[in-house]
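Protein chains in written order, with our numbering: chain U, 553 to 660; chain E, 2 to 124. Cβ atoms here follow ideal geometry from the backbone N, Cα and C, with glycine treated the same way.
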Amino acid sequence: DIQMTQSPSSLSASVGDRVTITCRASQTINKYLNWYQQKPGRAPKLLIYETSSLQSGVPSRFSGSGSETEFTLTISSLQPEDSATYFCQQSYTVPLFTFGPGTKVAIK
Amino acid sequence: EVQLVESGGGLVQPGMSLRLSCAASEFTFDDYAMHWVRQVPGKGLEWVSGVSWNSGIIGYGDSVKGRFSISRDNRKTSLYLQMNSLRPEDTAWYFCAKSGLPYVSGKTWFDIWGQGTLVTVSS
Chain U
553 DIQMTQSPSS LSASVGDRVT ITCRASQTIN KYLNWYQQKP GRAPKLLIYE TSSLQSGVPS
613 RFSGSGSETE FTLTISSLQP EDSATYFCQQ SYTVPLFTFG PGTKVAIK
Chain E
2 EVQLVESGGG LVQPGMSLRL SCAASEFTFD DYAMHWVRQV PGKGLEWVSG VSWNSGIIGY
62 GDSVKGRFSI SRDNRKTSLY LQMNSLRPED TAWYFCAKSG LPYVSGKTWF DIWGQGTLVT
122 VSS
């Protein structure tokens, strides 16, 4: 089974900061990596699919990159409403999916 | 508005069964694979199970294999999760989610999520 890890597990940054979250897969997953944002008491929300494609309606300050086993989610200029937990998800294995453990982003 | 609404959660004793439902609206339900994802309060997301658009491909996470059964009724635009032999560690919010691409069972994403239904397994 493919295992997913994320780093850091949590971070605190100031409004306007550039924030980067890393997701690693235990084996190659090609481009099949998605990112979700979840706020307390809410369902997850899709941000990025297939490594770098921005979901409709998601602000352009969010971007994704990477390939094979290492991927990043970048928030170019952190906003107060970005306080949330971010999860990566691999969809390479059919029909199985695996989520990363999450990265909690807090605003200083 | 595209919507998924879960129901059927509640308090159940260990060893008992529960059936969750997910009602879909405002999209062509029978074109898309559907999934169940769960989350222990305060913890991460765990993919539980998925079913292809025509029920031809079904998958389960290791922690529920042999105990849970996923199904769908395309005429009723509904997804189900039959949960048997429930354990305290099955306590979680259960979300249904829609595949982002039609007709595929993998290499996709979850673009629409329900609000979740809470299952509590306790004596």
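For residue i, is the classification buried or exposed, using 16 other Cβ atoms within 10 angstroms of its Cβ as the cut-off for buried?
{"i": "residue 647(U)", "result": "buried"}
{"i": "residue 633(U)", "result": "exposed"}
{"i": "residue 98(E)", "result": "buried"}
{"i": "residue 60(E)", "result": "buried"}
{"i": "residue 112(E)", "result": "buried"}
Within the same chain, show all residues whose beta-carbon is closer than 8 Å to that of residue i, passing over the 5 residues directly before and after it, in chain order.
{"i": "residue 32(E)", "result": "54, 103 and 104"}
{"i": "residue 561(U)", "result": "653, 654, 655 and 656"}
In the DSSP assignment, find the beta strand (DSSP E) that holds residue i and state where it starts and stops.
{"i": "residue 523(U)", "result": "There is no way to answer for residue 523(U), as the model of chain U reaches only from 553 to 660."}
{"i": "residue 589(U)", "result": "585–590"}
{"i": "residue 652(U)", "result": "No beta strand (DSSP E) contains residue 652(U), which DSSP labels as neither H nor E."}
{"i": "residue 161(E)", "result": "Outside the shown range of chain E, which is 2 to 124, sits residue 161(E), and nothing can be said about it."}
{"i": "residue 614(U)", "result": "614–619"}
{"i": "residue 69(E)", "result": "69–74"}
Using alpha carbons as the reference points, say which of the options lies closest to residue i.
{"i": "residue 4(E)", "options": "65(E), 38(E), 79(E) and 21(E)", "result": "79(E)"}
{"i": "residue 85(E)", "options": "66(E), 40(E) and 94(E)", "result": "66(E)"}
{"i": "residue 120(E)", "options": "95(E), 114(E) and 100(E)", "result": "95(E)"}
{"i": "residue 584(U)", "options": "115(E), 38(E) and 108(E)", "result": "108(E)"}
{"i": "residue 559(U)", "options": "566(U), 582(U) and 571(U)", "result": "571(U)"}
{"i": "residue 612(U)", "options": "589(U), 628(U) and 590(U)", "result": "628(U)"}
{"i": "residue 58(E)", "options": "113(E), 12(E), 36(E) and 64(E)", "result": "36(E)"}
{"i": "residue 88(E)", "options": "11(E), 46(E) and 17(E)", "result": "17(E)"}
{"i": "residue 642(U)", "options": "626(U), 588(U) and 569(U)", "result": "588(U)"}
{"i": "residue 64(E)", "options": "28(E), 91(E), 46(E) and 115(E)", "result": "91(E)"}
Got a sec? Which residues, its chain only, sit under 6 Å from residue i by beta carbon, not counting five neighbours each side?
{"i": "residue 14(E)", "result": "124"}
{"i": "residue 618(U)", "result": "603 and 624"}
{"i": "residue 68(E)", "result": "85 and 86"}
{"i": "residue 100(E)", "result": "33, 34 and 109"}
{"i": "residue 580(U)", "result": "620 and 621"}
Leaving out five residues before and five after residue i in sequence, what residues of the same chain have Cβ atoms less than 7 Å from its Cβ?
{"i": "residue 117(E)", "result": "7, 94, 95 and 96"}
{"i": "residue 591(U)", "result": "636"}
Practice problem: Closer than 9 Å, Cβ to Cβ, to anything on chain U: give me those residues from the stretch 14–39 of chain E, in chain order. | Solution: 34, 36 and 38
Quiz item: Of all the residues that make up the stretch 103–116 of chain E, which are near chain U by a beta-carbon distance shorter than 9 Å?
Solution: 105, 106, 107, 108, 109, 110, 111, 112, 113, 114, 115 and 116
Quiz item: Given a limit of 8 Å on CB to CB distance, which residues of the stretch 43–57 of chain E reach chain U?
Solution: 45, 46, 47, 48, 51 and 53
Quiz item: What are the residues of the stretch 73–107 of chain E that lie near chain U, defined by any Cβ-Cβ distance shorter than 7 Å?
Solution: 96, 101, 106 and 107
Quiz item: Looking at chain E, which residues of the stretch 625–650 of chain U have a Cβ within less than 7 Å of any of its Cβ atoms?
Solution: 639, 643, 644, 645, 646, 647, 648, 649 and 650
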